[in-house]
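Have a look at the structure below, then the notes.
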Amino acid sequence: MNCVPELVLTLVRIILSIQSHLSAFAYVFTKFPDDQKESIHALVDDTYNIIQEEETDEGYKALLADIADQTEYNVLASDLLNDSTKILLKELANAQKFIKDPDKVFHPFLKERSTSAVNLQVEKHKASILHAFKHHHYPIVQIKLDELVDLQSVLKNDTIEITYRDCINQLTHDWNTQINVDKHKFNKCIKEDILAYKQTIDKLKSADPLRRHLYEAICMRPFKNIFEIRSNYKYNCINWRKFELTLLSLNLCIKKFVNYCKKINIKQDLCEKFEKTLEEIDQQL
Numbered sequence: 005m006n007c008v009p010e011l012v013l014t015l016v017r018i019i020l021s022i023q024s025h026l027s028a029f030a031y032v033f034t035k036f037p038d039d040q041k042e043s044i045h046a047l048v049d050d051t052y053n054i055i056q057e058e059e060t061d062e063g064y065k066a067l068l069a070d071i072a073d074q075t076e077y078n079v080l081a082s083d084l085l086n087d088s089t090k091i092l093l094k095e096l097a098n099a100q101k102f103i104k105d106p107d108k109v110f111h112p113f114l115k116e117r118s119t120s121a122v123n124l125q126v127e128k129h130k131a132s133i134l135h136a137f138k139h140h141h142y143p144i145v146q147i148k149l150d151e152l153v154d155l156q157s158v159l160k161n162d163t164i165e166i167t168y169r170d171c172i173n174q175l176t177h178d179w180n181t182q183i184n185v186d187k188h189k190f191n192k193c194i195k196e197d198i199l200a201y202k203q204t205i206d207k208l209k210s211a212d213p214l215r216r217h218l219y220e221a222i223c224m225r226p227f228k229n230i231f232e233i234r235s236n237y238k239y240n241c242i243n244w245r246k247f248e249l250t251l252l253s254l255n256l257c258i259k260k261f262v263n264y265c266k267k268i269n270i271k272q273d274l275c276e277k278f279e280k281t282l283e284e285i286d287q288q289l
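When the sequence shown is numbered by the numbering used here, its final residue is 289 and no position is left out of the sequence of numbers.
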């Protein structure tokens with residue numbers, strides 16, 4: 005009988021307005037020896053009388069009183085392993101006694117021992133989240149954070165909420181720190197890239213007068229266009245579309261030049277044939 009008050013307290017915590025739902029309860033005692041079944045009502049009644057003056061929880065007292073009332077004339081004390089369950093099921097399967105809208109009636113409740121277990125699991129989740137984030141296992145981080153959110157939505161526990169916020173703050177700090185480091189590296193690479201372009205442009209500009217003599221040398225214009233695009237957007241705001249068009253323009257120029265050379269070859273062949281024909285005519289004359 006010592007476990008009954010604890011079970012009653014658990015029910016009272018799960019169903020806050022338990023006095024309004026007492027008709028839905030039936031009480032089955034499964035661990036009483038046959039010679040003690042007749043004393044169940046007296047034990048419950050004694051327990052109720054003991055806590056009557058000291059207990060302030062009205063739901064707790066109401067549930068104990070209901071147990072005493074239901075066991076006064078009829079006690080359900082079945083041996084679940086040996087007795088027939090038909091009678092018990094008929095007693096319990098009364099649709100009129102079911103709680104309607106259970107989602108609105110039942111509320112999550114944790115005993116002290118369960119609270120400790122939940123807190124321990126939450127700390128394990130936090131450690132897993134930070135470890136996974138450090139090693140870039142972001143899907144695991146997402147799963148663990150979602151589990152904390154789901155658990156908090158059910159239990160409404162301050163520890164879970166605080167732990168979740170701690171994780172979010174730590175991850176945000178670590179993420180921003182890493183992004184700033186990567187951005188610095190990226191800007192450094194872009195700056196070095198632009199400096200290399202500038203050095204190339206300066207070299208080509210200084211040699212530009214030689215183009216009058218070096219007819220087949222590649223001109224500097226495509227490189228200059230690329231340099232202007234990269235520098236105008238301060239390294240990390242590049243107009244990629246214009247950059248791509250510049251490269252496309254360069255490729256088209258090369259293709260046109262190749263086609264032009266092919267046409268020259270064709271015309272050269274025609275000229276050679278024409279010249280040969282003239283020579284043949286001259287010989288005949």
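A virtual CB, placed ideally from N, CA and C, is assigned to each residue, including glycine.
Burial state of Tyr52 is buried, judged by a 10 Å Cβ sphere holding 16 or more other Cβ atoms. Cα atoms of Ile172 and Gln125: separation of roughly 17 Å, rounded to the nearest angstrom.
Here Val48 is buried. Its C-beta has 16 or more other C-beta atoms within 10 Å.
If you check the CB distance, Ala28 and Ile103 come in under 7 Å. The beta carbon of Lys192 sits closer than 8 Å to no other beta carbon from its chain once the five residues preceding and following it are set aside. Boundaries of the alpha helix (DSSP H) around Lys189: Asp162 to Ser210. In the DSSP assignment, Leu80 is bridged to Val32. The continuous alpha helix (DSSP H) containing Pro9 extends over residues Cys7 to Ile18.
Taken through DSSP and simplified to helix, strand or coil, Phe110 comes out as strand. Between the region 160–178 and the region 127–138 there are three or more C-beta pairs closer than 8 Å, enough to call the two in contact.
Between Thr34 and Leu93, the beta carbon gap of about 14 Å keeps them out of contact (Cβ cut-off 8 Å). Of all alpha-carbon atoms in Ser24, Ile18, Gln203 and Asp206, the one lying nearest the alpha-carbon of His111 is that of Ile18. Contact check for Lys148 against His129 passes: the beta carbons are separated by less than 7 Å. Shown here for Lys187: not one same chain residue has a beta carbon closer than 7 Å to its own, the five before and five after excluded. Per DSSP, reduced to three states, the secondary structure at His141 is coil, with no helix or strand assignment.
By the Cβ neighbour-count rule, Thr14 is exposed, with fewer than 16 other Cβ atoms within 10 Å of its own. Relative to the Cα of Glu42, the nearest Cα in the group Glu95, Arg216 and Leu80 belongs to Leu80. Across the set Leu68, Asp39, Pro37 and Asn123, the C-alpha of Leu68 shows the shortest separation from the C-alpha of Ala30. When C-alpha distances from Asp50 are compared across Asp39, Ala72, Ser157 and Asn78, the shortest belongs to Ala72.
In this structure, Leu155 places its C-beta atom within 7 Å of the C-beta atom of Ile164. Spanning the alpha carbons of Leu96 and Leu11 requires a straight line of approximately 19 Å. Judged by DSSP in its simplified three-state form, Ile133 adopts helix.
At the C-beta level, Asp70 and Leu26 come within 7 Å of one another. Taken through DSSP and simplified to helix, strand or coil, Lys104 comes out as coil.
A direct Cα-Cα distance of roughly 57 Å separates Asn184 from Asp61.
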